[in-house]
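Chains A and B are the protein sequences, given in the same order.
The opening position of the first sequence corresponds to residue 1293 in this note's numbering, with each subsequent residue numbered one higher.
The opening position of the second sequence corresponds to residue 1293 in this note's numbering, with each subsequent residue numbered one higher.
Single-structure report; data block below.
2 protein chains.
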Amino acid sequence: MDWLKIFRAEKKSSAQTAKERLLITVAHQRQGEGNGLHFLPRLREELLAVVRKYVQVPDEAVQFNVQRDEGLEVLELNITLPEKERRGGVASH
Amino acid sequence: MDWLKIFRAEKKSSAQTAKERLLITVAHQRQGEGNGLHFLPRLREELLAVVRKYVQVPDEAVQFNVQRDEGLEVLELNITLPEKERRGGVASH
């Protein structure tokens, strides 16, 4: 899957072009009439907790979004990274 | 961002159509010449650990993929969910 193409298109169309962001998506693709995953709401909180181990992220910098359709559920965490992390707190890897 | 459209297209084109999957992506969009996030490799392991709290996922069911381009880095975890979870271990939410 060409994520670079997808996220580049999104970046261009976004009003947040000037921001540095971390965009986390969790997509659950299921077959037929199966139910959604009961743990997705908790997963959302835990993913954010993991990110917060490494980056200081205030609540107002996080947007949650859930999209659902038959056989597909997508959870999105859109995190705007703080200035401090962008300037000094981010090391090469 | 229309994730349903993106993941539906991916599902159709995937050879794994018959599988139930959890697809996690972490996209880091940065500005200008900034470095990548040093914690992405650790984040990968921690995200998988969080998922494993809820679903039994053997190592062979997990595929990692990283895509990089100027100003953009995308980490992908492609997890094929086990039959057991799909049949009985997944509750509605």
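Heads up, the beta-carbon is just placed ideally off N, CA and C, and yes, glycines get one too.
The beta carbon of residue 1340/B does not come within 8 Å of any beta carbon belonging to chain A, so the residue lies off that interface. Here DSSP, grouped into helix, strand and coil, assigns residue 1347/A to coil. Sorting 1374/B, 1360/B, 1334/B by C-alpha distance to the C-alpha of residue 1294/A places 1360/B at the top. At a cut-off of 8 Å between beta-carbon atoms, residue 1356/B makes no contact with chain A.
Taking 9 Å as the Cβ-Cβ cut-off, the segment 1311–1324 of chain B approaches chain A at 1311, 1312, 1313, 1314, 1315, 1316, 1317, 1318, 1319, 1320, 1321, 1322, 1323, given in chain order.
Among the bridge pairs identified by DSSP, residue 1356/B is matched with 1369/B. Contact annotation, residue 1364/B with residue 1319/B: C-beta distance approximately 7 Å; criterion of less than 8 Å satisfied. Taken through DSSP and simplified to helix, strand or coil, residue 1314/A comes out as strand. Per DSSP, reduced to three states, the secondary structure at residue 1329/A is coil, with no helix or strand assignment. For a Cβ distance threshold of 7 Å, residue set 1295, 1296, 1299 of chain B lies close to residue 1366/A, ordered along the chain. Listed along chain A are 1295, 1296, each with a C-beta nearer than 7 Å to that of residue 1359/B. Residue 1302/A has a beta carbon lying within less than 8 Å of a beta carbon in chain B. Around residue 1372/A, the same chain offers 1311, 1313, 1353 as residues with beta carbons nearer than 6 Å, after the five sequence neighbours per side are excluded.
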